[in-house]
Amino acid sequence: MGATSAKGTISGSQAITATGIEQVTATLNQATTFTISGGVSGQQITFTLSYTGGAYAATFSTGFKSTGTLTTVSSKIVTVTFCYNGTTWNEIARQSTGV
Numbered sequence: 037m038g039a040t041s042a043k044g045t046i047s048g049s050q051a052i053t054a055t056g057i058e059q060v061t062a063t064l065n066q067a068t069t070f071t072i073s074g075g076v077s078g079q080q081i082t083f084t085l086s087y088t089g090g091a092y093a094a095t096f097s098t099g100f101k102s103t104g105t106l107t108t109v110s111s112k113i114v115t116v117t118f119c120y121n122g123t124t125w126n127e128i129a130r131q132s133t134g135v
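According to this note's numbering, the stretch in the sequence shown is residues 37 to 135, in order.
Set out below in structure tokens:
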């Protein structure tokens, strides 16, 4: 089992190094763009994102193939999971309505 990368409260551009990681947790306080590097073919990473008081956009940029920007609901937790194919982190699941 891989490790969790706990990012705390973040915003802006966030670079993720995938080596040994299976979960990224963060609280967004503004729109945030994620980039990613590294990984092993077949590896999965789930992003668990919460939000402070506003509805913010989480964008998965360089290294990701996503179904689009994740628009959030204030004070809810959303998740999105990616799987690495050796070249790109492809989105395989999304829970975007918030819990």
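Glycine included, C-beta positions come from ideal geometry on N, C-alpha and C.
Put simply, of Gly38, Thr68, Ala54 the residue whose alpha carbon is nearest the alpha carbon of Gly44 is Thr68. Judged by pairs of C-beta atoms under 8 Å, the segment 88-96 does not touch the segment 52-60, as fewer than three such pairs exist. Between Thr103 and Glu127, the alpha-carbon positions lie close to 7 Å from each other. 9 Å or more divides the Cβ of Thr98 from the Cβ of Ile81. If only uninterrupted beta strand (DSSP E) runs of at least 3 residues are considered, those enclosed by the segment 59-134 are 80-87, 93-96, 113-120, 125-131.
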